[in-house]
Every structure is written in C-alpha cells, then in structure tokens.
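Here's the structure, in structure tokens; my notes come after.
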Amino acid sequence: ARFSGVSTGACIGHVGPEALAGGPIGKLQDGDKIRIIIDRNTLDGTVDLVGDGTREFTPQEGAALLAERSTREDIRPDADLPDDTRLWAAMQRVGGGAWGGCVYDVEKIIEALDRVQSSGA
11 ARFSGVSTGA
21 CIGHVGPEAL
31 AGGPIGKLQD
41 GDKIRIIIDR
51 NTLDGTVDLV
61 GDGTREFTPQ
71 EGAALLAERS
81 TREDIRPDAD
91 LPDDTRLWAA
101 MQRVGGGAWG
111 GCVYDVEKII
121 EALDRVQSSG
131 A
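Residue numbers (my numbering): 11 to 131.
See the structure below:
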C-alpha cells in the first residue's frame, strides 16, 4: 500500500493531526489493541479499542475507557514548525480539520477571524 500512485489494500496514515486535536488516537497507550474494519463497498470504516494488553473488551467498553483517558503527555506540536505550517494547522483547526470531514467552512473561519479582530487582539 502507498499514499501516491497505485494503492493496494488499506492505507492508514496522517493520524497526528487528530491526536493533537484531542481525538482518541492520542489516548492510545502501548499495548492497546485496536480493530480496524473497512467496508470496501460503502467505504465506511471503524476503528475500535478492543483490548489493553491485559484483557479484551467490546468496542463500547473501549470507547468508554478512551473517554476517561487524557491525551498522552508526549503528544504536542513541534515548537519549531515553520510559520506556513502553523498557519495551515490553525486554518484546519478553525475549519474543522480532516477529522471533520475535510470540508472547510469559509463562514466559520471568517467569523473566527472577525471575533479576534473585534476583540482588539
């Protein structure tokens, strides 16, 4: 499997932004067991926590456990990100990001910028 060219099979990557946004991937710990199911007909997929190294549990139990966990302390933005990357990340964050369906909302972004401008910041 690859990200460019011809891909064969599932390709899962670029999970860092979701982790930085406080998503469940940033709450996984060493030894956790996840289950990935992809329906090739509908292009729907699920990723479930189904074990923690000592026991296995249902996806519902895994979701409850992840809801209780905090994001790992070692997950944080690189302090040396270039300005253009920081700006891109900020625009992604205010627009919903890839985890929001890759659909940016221009009005929401403009409203956020207007709020900052009107507050004098």
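For every residue, glycine included, the Cβ atom is placed at its ideal position computed from N, Cα and C.
Just verifying my parser: in three-state terms, what is the DSSP assignment at D124? Helix at D124.
Check your understanding: In whole angstroms, what is the alpha-carbon distance linking V116 and V126?
Key -> So the alpha carbons of these two residues sit roughly 16 Å apart.
- Message: Check for me: the beta strand (DSSP E) holding G61 runs from which residue to which?
- Response: Note, G61: beta strand (DSSP E), 54-61.
By the DSSP assignment, the alpha helix (DSSP H) with E71 in it spans what residues? For E71, the uninterrupted alpha helix (DSSP H) run begins and ends at 69-78, by DSSP.
Burial state of P34, where buried means 16 or more other Cβ atoms lie within 10 Å: So P34 counts as buried.
Closest by CA to E78, which one among S129, G19, G32? Put simply, of S129, G19, G32 the residue whose alpha carbon is nearest the alpha carbon of E78 is G32.
| query | Using a Cβ-Cβ cut-off of 6 Å (strictly less than) and excluding sequence neighbours within five positions of G72, which residues of its own chain qualify? | reply | Around G72: D58, L59, V60.
Inset, instruction - Assign L91 to one of two classes, buried (16 or more other C-beta atoms within 10 Å of its C-beta) or exposed (fewer than that). - result: L91 should be labelled exposed.
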